[in-house]
Amino acid sequence: MSKDTYSTGERSREGRQTLRIPIRIPAIFSSGYGLGEGTVVNISTPGCAIESEKALRVGDYVRLNVYLPDERLLRNVRAAVRWAKGRRFGVEFLRLSEKEQACLSRLVSDHTGDKSRS
């Protein structure tokens, strides 16, 4: 992803290459500022948006645990904060295992009805 595809807020719809799934699932994250809890409000294969009382800044690196539906878990995922606005911030997943990538692809296809992605 190029740096210029991000605005000061969320990425523009024109620059978005993947579908974001609206969802409300819990997440726990750690950063240089300590631990935080939040709610994933949308998710896609390259990243997600999180709503939290803990503010993070663009450029911060975090480790996430995201509790996917059906008791699937993305565990200790490395991510970078790409935008932050108010109580929300968006992260790009930096490193996912093949299994975690498959879980995300399956979640997206389950919510869109697109079985070709799984």
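Start counting at 1 in the sequence shown, then tack on 9, and there's your number in the working numbering.
We treat Cβ as the ideally placed atom computed from N, Cα and C, and that holds for glycine.
- With at least 16 other beta carbons inside 10 angstroms of its own, A36 counts as buried.
- The C-alpha of G95 lies about 10 angstroms from the C-alpha of R66.
- For V75, the secondary structure class from DSSP, reduced to helix, strand or coil, is strand.
- For L116, the enclosing alpha helix (DSSP H) begins and ends at 107-121.
- E109 sits buried, since 16 or more C-beta atoms from the chains shown fall within 10 Å of its C-beta.
- Pairing C57 with V117 gives a Cβ-Cβ distance that is not under 8 angstroms.
- Annotation: I59 to V49 spans about 4 angstroms, alpha carbon to alpha carbon.
- Going by DSSP, S53 is part of no beta strand (DSSP E) at all; its letter is neither H nor E.
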